[in-house]
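A.B. asks: Sharing a structure, written as structure tokens. Questions coming.
Protein chains in written order, with my numbering: chain A, 626 to 1437; chain B, 3 to 313.
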């Protein structure tokens, strides 16, 4: 609803400046936010919309200006204050962790920031989340216990939006391009949510490049260009064309010229193509033609483009290709730009053969070629040597299109090339496409924006992996496209693939270690039946304890997405501290161990703050550990403290003590990571740091905690090791480094981070230990032992890869 | 002018050069004399860390956090092979060392690429395999180098040690390959973003495999030279160079996530690591103290150097 004449704004931004060095991102911008009003924020790319929103959410401090809340200026406005005032934002690039379940993603946001879990928080949160999704997006069928990675992009967007709606005191909701990934029925639901919220008095700021949508959703439209206010309009008082004119884009309606291509040769012909997500596709493309692929997002367009592109190298049944292909992606961040390079290299990379001398690249030729594209496309930059990341999205896209055309391919595939590109640049791009076709090239254009299809000669509309309609010439307009997009296909009933209990367990990450444990254990027992006795088990598991602890410690660091390359020597250092100091003067020893854990935490802080790769830092740190250990104990000596060996010698009834210790360690880690609230944060940190920080958690703290726990486990490993060898030696525990990494992998953890499997790791550590004794018992040449560990490692991972590929094949 | 100064200061070459200067001054201070011999012998000593460092840089640049930790085993294995074969024919030994190195690289790459196993884990596992091979051949193969080849490695060309000369030539060739050729461009593109590289029409697998093979070849060469330099092969030959080479690679500003490298900085980094051990030996510090200082120095240098490369 529109704000009333004399209504006081809930929050207002007054004369906001924001400078980055000499660039003036915002200059004197004003924005009044009234309760219950929907503001449509529009403007070309680089207008400063996202900068303004970052200031509003408190992520970015302002250079000058005032933020006035309830009539009084807020001096120290930051992310926390913004949260208190009730500002929430659903980001376009999603702040979700794919490794966490959907419910955990919500829990991350709304748990009070304390480490102590309340009793029933899991069930309470689950119920709340379920209710939320059912109320706002009825019929979305999202299972909140599943990991987020199983969801489609649309559903993820739904989760992201719901996450912001969950905030306790929602007063200002920012939706940043919310419908870019939503199907149109979901978009409709969203528009209804916006209306409901506005009726409840929540102010909504709606950012979108889709001007028709903006006019429907918002009450007031605020236009921003070049970091300045360019006017405010009431949505019912302005037409789309007027809006475009205000934004500086001429809204000229181009006369359609219908060209006849029937005499031109086929560049591409697809007959009865069936593939992943595609059903019986037939299409053709003539020389010099522009064809469009349209339809609701997620109807198989991406798959079709990928199939066509893959035909450039290997023969694909049903695709007949006569010429070279190039591909231009609109997903610039992940599929497009090379971030370390300047404009020149970004344009030339697909075209190096053209600028090559006999062996090397001809610098002069390369510059000329790049310069000619630079001039032609009127880049807004300092020159061809400007880094690509210093450009706006639209200008980056120009470079990518130039790359695609410069490659001299005959067919250019454009995958949503104008996503998030401002209107002026869009016009430039259309013109360029027209010129390209005049050069005799053919173009396949996929776009999420229906209006854009009007530049095509023919359009194929897709639904559910089928082409449902072909539109030609004058038939191509938005109403026809929309109508065609909703044509029902004979839907092959896609049965919800409910994983049966059995197959679900088979693919659980701890399954592989469990099976190997059983097999290896059985083999050991056959060779040496004594193993099954109380003493046999006690001895065996006792000797595995150092590796169990070392691997659990390694797991916490791997969970962060890092690797500890120095824990071989750090166990040696603990070994020395325990064997020399702790035995001699317990207080000094204890102090030494505490300082040691502290050093691990310092390491975490260094890695995070300076953004240094952990692998290198821990490798450097191993020298520090080794040096310290040698200083404490230059030659092997010392002894295990009496109390420690006494403790480990305790005989429990029925179950030997080492087994209890191993079990407790595994379960404790599992409880910490999967049942405690902070466990969610620790796991989330290994997956999506941004999501963590946007939810108000500190990544630095999470990392320090994880490394601290890792340090603690190194101490336990050192203690267990000291007991095993009953002495101190700085040098003898080096192997634990590689062994612990191998164990973590075998245990089912993901090296990319975020997926710890404590119970699997404990089992894997026992397996590693049993393998060695098995080989010794089999009188295997000791030379082969390392090779066998290597082979097992490769085998396990290869198996995992094959299982996953099969899995994925079945899902799609 | 100001811009130029700024550019120089932002170059990854700055930190290793500063490290070299500081260490040289320290060496002079400890030994009490300004000694040019430190530099000439350093240039000879640093050859191995330099070859491995460059090789590591190429692998790391291929992206996705790739790193080869089997380098030391490849070096040791090829050292044995060169010793054995040079009994019969020197060029044969040298060539076979390089070929075996390339084969090891190819194995690493294929497991990494086709089974989709993280490079670090792959090379850890294959490292175990190579180590077993080393253990098996170590008591069958000759382990003393060919005298003529030793003479060659000790010879001087225009006052420069021949090994140093070879390494410099290789570094120059690789400089051209990495920054002036199509392959180099492709490698850096693949290292930045594999998907984008694929869509730009680059054969990603081939590019990555080639990087590993070049790495293997350099390790093989280093193995053959090292066997001659150390007076024979032994089971732990490569271990000495593992850390200096990795340190050289990253101190030289190589981006750990791939896509950015500077071969000159890496070479200077390797030289710096050699000066460091010279200094620690000259200062007559206990082994424990040596390691401690080395560790702190590397960590601090990384903290300083990555400020530039993270940008």
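Even for Gly, the Cβ is constructed at its ideal location relative to N, Cα and C.
Just mark residue 1191 of chain A as buried or exposed, buried being the case when its beta carbon has 16 or more other beta carbons within 10 Å.
C.D. replies: Buried, by the Cβ-count rule.
A.B. asks: Quick check: residue 839 of chain A and residue 1103 of chain A, are their CB atoms within less than 8 Å of each other?
C.D. replies: No, Cβ-Cβ distance for residue 839 of chain A and residue 1103 of chain A is not below 8 Å.
A.B. asks: Whole angstroms is fine: what's the gap from residue 640 of chain A's alpha carbon to residue 1321 of chain A's?
C.D. replies: The alpha-carbon atoms of residue 640 of chain A and residue 1321 of chain A are separated by roughly 27 Å.
A.B. asks: By Cβ distance, which residues of its chain are closer than 8 Å to residue 10 of chain B, with the 5 residues on each side in sequence left out?
C.D. replies: So the qualifying residues of the chain are 16.
A.B. asks: Following the continuous alpha helix (DSSP H) through residue 1385 of chain A, name the residue where it begins and the one where it ends.
C.D. replies: Looking at the DSSP string, the run of the alpha helix (DSSP H) that includes residue 1385 of chain A is 1383–1402.
A.B. asks: Less than 8 Å between CB atoms is the rule here; does residue 1119 of chain A satisfy it with respect to chain B?
C.D. replies: Since pLDDT at residue 1119 of chain A reaches only 43, below the 50 mark, its modelled position is unreliable, and the value read off the structure follows with that caveat. Residue 1119 of chain A does not count as touching chain B.
A.B. asks: Whose CA, out of B/266, B/137, B/93, B/69, lies closest to the CA of residue 114 of chain B?
C.D. replies: Closest option to residue 114 of chain B, Cα to Cα, is B/69.
A.B. asks: Give the single residue among B/128, B/242, B/268 whose Cα lies nearest to the Cα of residue 279 of chain B.
C.D. replies: Among B/128, B/242, B/268, the Cα nearest to that of residue 279 of chain B is on B/242.
A.B. asks: Can you find at least 3 beta carbon pairs, one from the stretch 1247–1255 of chain A and one from the stretch 1193–1205 of chain A, that sit closer than 8 Å?
C.D. replies: In short, these stretches touch, since the Cβ pair count reaches three.
A.B. asks: In chain order, what residues of the same chain lie with their CB nearer than 8 Å to the CB of residue 949 of chain A, ignoring the 5 residues before and after it?
C.D. replies: So the list reads 937, 1032, 1033, 1034, 1035, 1036, once near-sequence residues are dropped.
A.B. asks: Give me the residue from B/302, B/189, B/239, B/36 with the minimum Cα distance to residue 145 of chain B.
C.D. replies: If we check each option's Cα against that of residue 145 of chain B, B/239 comes out closest.
A.B. asks: For residue 63 of chain B, which option in B/133, B/186, B/297 has the closest C-alpha, if you only look at C-alpha atoms?
C.D. replies: Looking at the Cα atoms, B/186 is the closest of the given residues.
A.B. asks: Contact criterion: CB-CB distance below 8 Å. Does residue 9 of chain B meet it with respect to chain A?
C.D. replies: Residue 9 of chain B does not count as touching chain A.
A.B. asks: Applying a beta-carbon distance threshold of less than 7 Å, which residues of chain A neighbour residue 274 of chain B?
C.D. replies: Simply none; closest approach about 14 Å.
A.B. asks: With DSSP as the reference, identify every bridge partner of residue 715 of chain A, one or two as the case may be.
C.D. replies: DSSP output for residue 715 of chain A lists A/800 as bridge partner(s).
A.B. asks: May I ask which residues mark the beginning and end of the alpha helix (DSSP H) holding residue 644 of chain A?
C.D. replies: Unbroken run through residue 644 of chain A is the beta strand (DSSP E), 636–645; no alpha helix (DSSP H).
A.B. asks: Residue 156 of chain B touches chain A at which residues, Cβ-Cβ below 7 Å?
C.D. replies: Residues of chain A passing the Cβ test: none, with the nearest at roughly 31 Å.
A.B. asks: Please tell me whether residue 252 of chain B has its Cβ less than 8 Å away from any Cβ of chain A.
C.D. replies: With 8 Å as the cut-off, residue 252 of chain B counts as an interface residue toward chain A.
A.B. asks: Please classify residue 590 of chain A: does DSSP put it in a helix, a strand, or coil?
C.D. replies: The structure shown does not extend to residue 590 of chain A, since chain A is modelled only from 626 through 1437, so no value can be given for it.
A.B. asks: Grab the span of the alpha helix (DSSP H) containing residue 59 of chain B for me, first residue to last.
C.D. replies: 49–63 is the extent of the alpha helix (DSSP H) around residue 59 of chain B.
A.B. asks: Tell me the DSSP secondary structure of residue 1167 of chain A in three-state form.
C.D. replies: Residue state, collapsed to three classes: helix.
A.B. asks: Tell me which same chain residues have a C-beta within less than 6 Å of the C-beta of residue 126 of chain B, skipping the five on either side of it?
C.D. replies: Within the same chain, residue 126 of chain B has close Cβ partners 71.
A.B. asks: Can you have a look at residue 770 of chain A and say buried or exposed, based on whether 16 or more other CB atoms are within 10 angstroms of its CB?
C.D. replies: Residue 770 of chain A should be labelled exposed.
A.B. asks: Label residue 60 of chain B either buried or exposed according to how many other C-beta atoms from any shown protein chain fall within 10 Å of its C-beta, with 16 as the threshold for buried.
C.D. replies: It counts as buried.
A.B. asks: In chain B, which residues lie less than 7 Å from residue 778 of chain A when you measure between Cβ atoms?
C.D. replies: Simply none; closest approach about 16 Å.
A.B. asks: Taking C-beta pairs closer than 7 Å, name the residues in chain A that residue 13 of chain B reaches, listed in chain order.
C.D. replies: What residue 13 of chain B touches in chain A: nothing, since even the nearest Cβ is about 14 Å away.
A.B. asks: Under 8 Å: do the stretch 1406–1420 of chain A and the stretch 219–236 of chain B share three or more Cβ pairs, one atom per stretch?
C.D. replies: Verdict: no, contact absent.
A.B. asks: Could you pull out every residue in the same chain whose Cβ sits closer than 6 Å to the Cβ of residue 1117 of chain A, ignoring the five residues on either side in sequence?
C.D. replies: Model confidence at residue 1117 of chain A stands at a pLDDT of 48, short of 50, so the residue's coordinates are unreliable; what they give is reported in the following sentence. Once the five neighbours on either side are set aside, residue 1117 of chain A has no close Cβ partner at all.
A.B. asks: Suppose contacts are defined by Cβ-Cβ distances below 8 Å. Is residue 1002 of chain A in contact with residue 1023 of chain A by that definition?
C.D. replies: For residue 1002 of chain A and residue 1023 of chain A, yes; Cβs fall inside 8 Å.
A.B. asks: Select from B/307, B/288, B/282, B/170 the residue whose C-alpha is nearest the C-alpha of residue 28 of chain B.
C.D. replies: Residue B/282 is the option with its Cα nearest to residue 28 of chain B.
A.B. asks: Which of the three DSSP states, helix, strand or coil, is assigned to residue 1345 of chain A?
C.D. replies: Residue 1345 of chain A falls in the helix class under three-state DSSP.
A.B. asks: Can you give me, in chain order, the residues of the stretch 168–191 of chain B that have a beta carbon less than 8 Å from any beta carbon in chain A?
C.D. replies: Within the stretch 168–191 of chain B, the residues whose Cβ lies closer than 8 Å to some Cβ of chain A are 178, 182, 183, 184, 187, 188, 190, 191, listed in chain order.
A.B. asks: Please determine, among B/190, B/218, B/266, the residue with the shortest C-alpha to C-alpha distance to residue 205 of chain B.
C.D. replies: The candidate whose alpha carbon is nearest that of residue 205 of chain B is B/190.
A.B. asks: Are the C-beta of residue 16 of chain B and some C-beta of chain A separated by less than 8 Å?
C.D. replies: No - not a single Cβ of chain A is within 8 Å of the one on residue 16 of chain B.
A.B. asks: Given this structure, state the Cα-to-Cα distance separating residue 1005 of chain A from residue 655 of chain A, to the nearest angstrom.
C.D. replies: Cα to Cα, the separation comes out at about 26 Å.
A.B. asks: Which residue marks the beginning of the beta strand (DSSP E) containing residue 944 of chain A, and which one marks its end?
C.D. replies: Residue 944 of chain A -> beta strand (DSSP E) spans 944–946.
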